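Chemist: Chains as they are written, first to last, in the working numbering: chain A, 981 to 1265; chain B, 72 to 191.
Built from N, CA and C at the ideal position, the CB exists for glycine as well.
Predicted, not measured: the structure shown is a model, and the values here were computed from it.
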Amino acid sequence: MKIAVASGKGGTGKTTVAVNLSLFLVDADLKVTYADCDVEEPDGHLFLKPEITLKHRSAVLVPQVNPEACNLCGECGAFCRYSAIVVLKEEVMTFPELCHSCGGCAYICSVQAITEVDRYIGSVDRGSAGKLNFISGCLDIGQAMGPPLIKAVLRNITDDGITIVDAPPGTSCPAMTAVGDCDYLLLVAEPTPFGRHDLELMLQAVGSLPMPRGVVLNRVSGPDTAIEKLCSRYGVPILSRIPEDRRVAEAYSKGLTAWKAVPGYKALFADLWSKIEPVAGRYTA
Amino acid sequence: MRVAITSQGESLESRLDRRFGRAAFFVAVNTETGEFAVHDNTQNLNAAQGAGIQAGSNVVGLNVEALITGNVGPKAYAVLKAAGIRIYLAPDGTVAESLQRFKDGLLDECLSANVAGHWI
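#1: For Glu1170(A), name the three-state secondary structure that DSSP assigns.
#2: Could you say which of Tyr1062(A), Thr995(A), Val1067(A) lies nearest to Ala153(B) if we only look at CA atoms?
#3: Taking Cβ-Cβ distances shorter than 7 Å, what residues in chain B pair up with Glu1077(A)?
#4: Out of Gly1117(A), Gly1126(A), Ile1218(A), state which residue places its alpha-carbon closest to the alpha-carbon of Asn1198(A).
#5: Could you tell me which of Gln125(B), Gly141(B), Ala167(B) sits nearest to Ala147(B), measuring between CA atoms?
#6: Which residues of the region 108-140 of chain B have a Cβ closer than 7 Å to any Cβ of chain A? Give them in chain order.
#7: According to DSSP, simplified to helix, strand and coil, what is Gln114(B)?
#8: I'd like to know whether the C-beta atoms of Gly1194(A) and Ile1101(A) end up nearer to each other than 8 Å.
#9: Below 8 Å on the Cβ atoms is my guess for Ala986(A) versus Leu1165(A); work out the distance and round it to an integer in Å.
#10: Could you give the DSSP three-state label for Ala1230(A): helix, strand or coil?
#11: Got a sec: is the Cβ-Cβ distance from Lys152(B) to anything in chain A below 8 Å?
#12: With a threshold of 8 Å between beta-carbons, can Met1073(A) be considered close to chain B, or not?
#13: Buried or exposed: Thr1138(A), going by 16 or more other Cβ atoms within 10 Å of its Cβ?
#14: Pick from Asn112(B), Ala149(B), Asn101(B), Leu170(B): whose alpha carbon is nearest that of Ile139(B)?
#15: Report the start-end ranges of each alpha helix (DSSP H) in the region 1155-1217 of chain A that is 4 residues or longer and not cut off at the edges.
#16: How would you label Lys174(B), buried or exposed, when you count the other beta carbons within 10 angstroms and need 16 or more for buried?
#17: To the nearest angstrom, how far is it from the Cα of Leu1248(A) to the Cα of Ala187(B)?
#18: Ends of the alpha helix (DSSP H) at Phe1059(A)?
#19: Could you tell me the alpha carbon to alpha carbon distance between Cys1162(A) and Leu1052(A), rounded to whole angstroms?
#20: At a CB-CB cut-off below 7 Å, which residues of chain A make contact with Lys146(B)?
This is how it looks when you write it as structure tokens:
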């Protein structure tokens, strides 16, 4: 069972919720994996402090042209939607950082002048924090494309047990790749005007995806009719309201989890899980 | 010689388009005879990436020896340099004025990209 924790706006508490939910489930003696898919700036490890046992480099395929075999026909350049390969008068130029690894240029080349070679983009770490399985992706500095590495992280997830996917912020390609085939989408929102605005962007972005979804409001300090109306309009339940609590920020600033630092969190996450589990279970069945 | 000039419109009186990758048009001119042809580049306006590469490739196809424009980014520069096309940066003016400045030797040759890319 795969639960993705996402949001529209950054900074709403995705990692806080994902980390604490993972710790709650491990404490309940379940088999749990935490997968950090925020490959541009993973931060789950700051709180879980895992022991990493395996670190492997992850690559995407990019074209390499054999100038001796190439007849400069230009078909590869015409095919490419990303301007990653372009045919000039006497040579073919490639721009590997623009390539989306579709393989089209190599496929369409009539003289087999193109081979696909590895271009390394980042790393996937595997390990554990006590009984919690830990996987994280980290993009190399200067790399612009997250999704291929996010897919590599997701491929490392085994089928058994519960996986909590900590998704990247936002509503564009990295976030959509991370939540893509989860069994339940948990959206963490903050009750501010920006929070409401960006939650709506995310509800629209995932509108046509099939999995069930629910909202957790974080840092709540009073009623919020704007977000309640929004969730009602989209038919999405508000599962939980995590109160604004300075102790959470204090724990966070020391790299400690709220789970350990704030009493009452266990009950809060037990309640949250009791609402997610039956719905997610029905979906996976 | 043949020269390409980025243009906002389809005549020699149109204003120079300071953009290269997303220039609206390329005007290819024969500097001796004055004959010119206009080539549409507007499909690049909405390109998410690689507009400079695409425009560079299009200009190579025009068989020109030089390009006159306002700004050239790193990928566009790489393509033009590989193709051996000399680049000249011109101030605001019409296409005709830019061509005259070129012929009068008033434009400096551009020897590296003068602006950064928009994305990667």
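Modeler: With the given structure in hand:
#1: coil
#2: Val1067(A)
#3: Ile191
#4: Ile1218(A)
#5: Gln125(B)
#6: Gln120, Gly121, Ile124, Gln125, Ser128, Val131
#7: helix
#8: no
#9: 6 Å
#10: The amino acid occupying residue 1230(A) in the given sequence is Glu; Ala does not appear at that position. In this structure, Glu1230(A) counts as helix in the three-state DSSP scheme.
#11: no
#12: yes
#13: exposed
#14: Leu170(B)
#15: 1173-1185, 1205-1214
#16: exposed
#17: 49 Å
#18: 1055-1059
#19: 44 Å
#20: Phe1075
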